[in-house]
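Enquirer: Quick one: the structure is below, and I'll ask about it shortly.
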Amino acid sequence: MQIYSHILSIRISHSALDPDLVTRTLGLTPEVTWKAGEPRKTPKGTLLKGTRSSGYWTTDPFGYGWRESPEATVEDGLEELVSFLEPHRDYLRGIAQDGRVEIWASTQSDRNFAIELAPHMLLRIGTLGASLVHDVY
4 MQIYSHILSI RISHSALDPD LVTRTLGLTP EVTWKAGEPR KTPKGTLLKG
54 TRSSGYWTTD PFGYGWRESP EATVEDGLEE LVSFLEPHRD YLRGIAQDGR
104 VEIWASTQSD RNFAIELAPH MLLRIGTLGA SLVHDVY
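As C-alpha coordinates, this is what we get:
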(Lines of atoms letter the chains of each structure in order from A and count residues from 1; the text may use other names and numbers.)
(Lines give C-alpha, C1' and ligand atoms only; values in the text may rest on other atoms or scores of the structure.)
Protein backbone atom coordinates (compact mmCIF):
# COMPACT_ATOMS: atom_id res chain seq x y z
CA MET A 1 0.00 0.00 0.00
CA GLN A 2 1.19 3.50 -0.81
CA ILE A 3 1.38 5.73 2.26
CA TYR A 4 0.75 9.46 1.98
CA SER A 5 -1.23 12.23 3.67
CA HIS A 6 -3.71 14.41 1.85
CA ILE A 7 -6.32 17.12 2.23
CA LEU A 8 -8.94 18.25 -0.27
CA SER A 9 -10.29 21.76 -0.61
CA ILE A 10 -12.52 23.77 -2.92
CA ARG A 11 -11.35 27.21 -4.07
CA ILE A 12 -13.70 29.50 -5.97
CA SER A 13 -12.91 32.95 -7.36
CA HIS A 14 -14.67 35.41 -9.67
CA SER A 15 -14.63 39.18 -10.11
CA ALA A 16 -18.30 39.40 -9.03
CA LEU A 17 -18.30 36.51 -6.53
CA ASP A 18 -20.62 36.84 -3.54
CA PRO A 19 -19.07 34.54 -0.91
CA ASP A 20 -22.31 34.46 1.08
CA LEU A 21 -24.17 33.12 -1.96
CA VAL A 22 -21.55 30.37 -2.39
CA THR A 23 -22.01 29.43 1.27
CA ARG A 24 -25.81 29.30 0.96
CA THR A 25 -25.76 27.46 -2.37
CA LEU A 26 -23.27 24.76 -1.37
CA GLY A 27 -24.35 24.56 2.26
CA LEU A 28 -20.72 24.50 3.39
CA THR A 29 -18.92 26.69 5.92
CA PRO A 30 -16.03 28.60 4.33
CA GLU A 31 -12.60 28.90 5.90
CA VAL A 32 -11.57 32.07 4.03
CA THR A 33 -13.66 34.54 2.02
CA TRP A 34 -13.43 38.03 0.60
CA LYS A 35 -15.23 40.21 -1.92
CA ALA A 36 -13.79 42.23 -4.77
CA GLY A 37 -12.98 45.74 -3.59
CA GLU A 38 -12.20 44.77 0.00
CA PRO A 39 -8.83 45.85 1.42
CA ARG A 40 -6.04 43.30 0.96
CA LYS A 41 -4.85 41.65 4.18
CA THR A 42 -2.35 39.01 5.21
CA PRO A 43 -3.71 35.80 6.77
CA LYS A 44 -3.00 37.38 10.18
CA GLY A 45 -5.04 40.48 9.30
CA THR A 46 -2.26 42.99 8.56
CA LEU A 47 -3.44 45.50 5.96
CA LEU A 48 -1.63 45.55 2.63
CA LYS A 49 -1.75 48.13 -0.15
CA GLY A 50 -4.63 47.92 -2.59
CA THR A 51 -7.92 46.09 -2.73
CA ARG A 52 -8.99 42.61 -3.77
CA SER A 53 -9.57 42.34 -7.52
CA SER A 54 -11.95 39.40 -7.22
CA GLY A 55 -14.09 37.55 -4.72
CA TYR A 56 -12.76 34.36 -3.16
CA TRP A 57 -14.19 31.44 -1.18
CA THR A 58 -12.44 28.30 0.09
CA THR A 59 -13.07 25.41 2.45
CA ASP A 60 -12.08 21.90 3.46
CA PRO A 61 -15.56 20.73 2.45
CA PHE A 62 -16.16 18.01 5.01
CA GLY A 63 -13.75 19.18 7.71
CA TYR A 64 -11.60 16.05 7.53
CA GLY A 65 -8.30 17.90 7.61
CA TRP A 66 -5.22 15.90 6.68
CA ARG A 67 -6.00 12.21 6.16
CA GLU A 68 -3.74 9.19 5.79
CA SER A 69 -4.08 7.06 2.65
CA PRO A 70 -4.84 3.82 4.55
CA GLU A 71 -7.90 5.64 5.97
CA ALA A 72 -8.99 7.18 2.65
CA THR A 73 -7.22 7.82 -0.65
CA VAL A 74 -7.33 10.97 -2.74
CA GLU A 75 -9.47 9.02 -5.18
CA ASP A 76 -11.95 8.19 -2.37
CA GLY A 77 -12.09 11.83 -1.32
CA LEU A 78 -12.63 13.03 -4.88
CA GLU A 79 -15.50 10.58 -5.33
CA GLU A 80 -17.20 11.95 -2.22
CA LEU A 81 -16.54 15.59 -3.11
CA VAL A 82 -17.54 15.37 -6.78
CA SER A 83 -20.72 13.49 -5.85
CA PHE A 84 -21.54 16.28 -3.39
CA LEU A 85 -20.87 19.03 -5.96
CA GLU A 86 -22.72 17.47 -8.92
CA PRO A 87 -26.18 18.77 -7.88
CA HIS A 88 -24.63 22.28 -8.02
CA ARG A 89 -23.15 21.75 -11.50
CA ASP A 90 -25.00 24.63 -13.21
CA TYR A 91 -24.08 27.10 -10.47
CA LEU A 92 -20.40 26.10 -10.54
CA ARG A 93 -20.23 26.15 -14.35
CA GLY A 94 -21.66 29.67 -14.30
CA ILE A 95 -18.87 30.82 -12.00
CA ALA A 96 -16.24 28.99 -14.06
CA GLN A 97 -17.20 30.84 -17.27
CA ASP A 98 -15.35 33.98 -16.16
CA GLY A 99 -13.88 32.80 -12.86
CA ARG A 100 -12.25 29.73 -11.37
CA VAL A 101 -13.58 26.65 -9.63
CA GLU A 102 -10.70 24.53 -8.34
CA ILE A 103 -10.56 21.26 -6.48
CA TRP A 104 -7.24 21.14 -4.65
CA ALA A 105 -5.67 17.85 -3.63
CA SER A 106 -2.67 18.65 -1.43
CA THR A 107 -0.47 15.65 -0.66
CA GLN A 108 2.71 14.86 1.25
CA SER A 109 4.85 11.79 1.76
CA ASP A 110 8.43 10.82 2.45
CA ARG A 111 8.34 8.27 -0.38
CA ASN A 112 6.92 8.05 -3.86
CA PHE A 113 3.24 7.31 -4.44
CA ALA A 114 0.77 7.47 -7.28
CA ILE A 115 -2.74 8.81 -7.66
CA GLU A 116 -4.81 7.40 -10.51
CA LEU A 117 -7.79 9.35 -11.81
CA ALA A 118 -10.01 7.30 -14.10
CA PRO A 119 -11.34 8.97 -17.27
CA HIS A 120 -14.84 8.95 -15.78
CA MET A 121 -13.67 10.97 -12.74
CA LEU A 122 -11.79 13.45 -14.94
CA LEU A 123 -14.94 13.89 -17.03
CA ARG A 124 -17.08 14.46 -13.92
CA ILE A 125 -14.66 17.11 -12.64
CA GLY A 126 -14.63 18.80 -16.05
CA THR A 127 -18.42 18.74 -16.25
CA LEU A 128 -18.48 20.80 -13.05
CA GLY A 129 -16.39 23.44 -14.80
CA ALA A 130 -13.68 22.71 -12.25
CA SER A 131 -9.98 22.16 -12.58
CA LEU A 132 -8.02 19.75 -10.41
CA VAL A 133 -4.89 21.11 -8.76
CA HIS A 134 -2.49 18.55 -7.27
CA ASP A 135 -0.30 20.37 -4.76
CA VAL A 136 2.65 18.23 -3.61
CA TYR A 137 4.68 18.89 -0.46
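Using my numbering, the first residue of the sequence shown is number 4, and each one after it goes up by one.
Yeah, the Cβ is synthetic: ideal placement off N, Cα and C, and Gly gets one too.
ALA108 by DSSP, collapsed to three states: which one?
Expert: As a working note, residue 108 is residue 105 in the sequence shown. Collapsing the DSSP output to three states places ALA108 in a strand.
Enquirer: From TYR67 to ALA75, what distance separates their C-alpha atoms?
Expert: Your numbering for residue 67 matches position 64 in the sequence shown. Your numbering for residue 75 matches position 72 in the sequence shown. Distance between the alpha carbons of TYR67 and ALA75 is about 10 Å.
Enquirer: Assign PRO64 to one of two classes, buried (16 or more other C-beta atoms within 10 Å of its C-beta) or exposed (fewer than that).
Expert: Taking the first residue of the sequence shown as position 1, residue 64 is located at position 61. It counts as buried.
Enquirer: Between THR130, LEU20, VAL25 and GLU89, which has its C-alpha nearest LYS38's C-alpha?
Expert: Position 35 of the sequence shown, counted from the start, is the residue given in the question as residue 38. Of the listed residues, the one whose Cα sits closest to LYS38 is LEU20.
Enquirer: Taking the alpha carbon of GLU83 as the point to measure from, which residue in GLY53, ILE13 and LEU51 has its own alpha carbon closest?
Expert: As a working mapping, residue 83 is identified with position 80 in the sequence shown. For GLU83, the nearest C-alpha among the options comes from ILE13.
Enquirer: Return the first residue and the last residue of the beta strand (DSSP E) that ARG92 is part of.
Expert: Working through the sequence shown from its first residue, we reach residue 92 at position 89. Premise fails: ARG92 lies in the alpha helix (DSSP H), 92-101, not in any beta strand (DSSP E).
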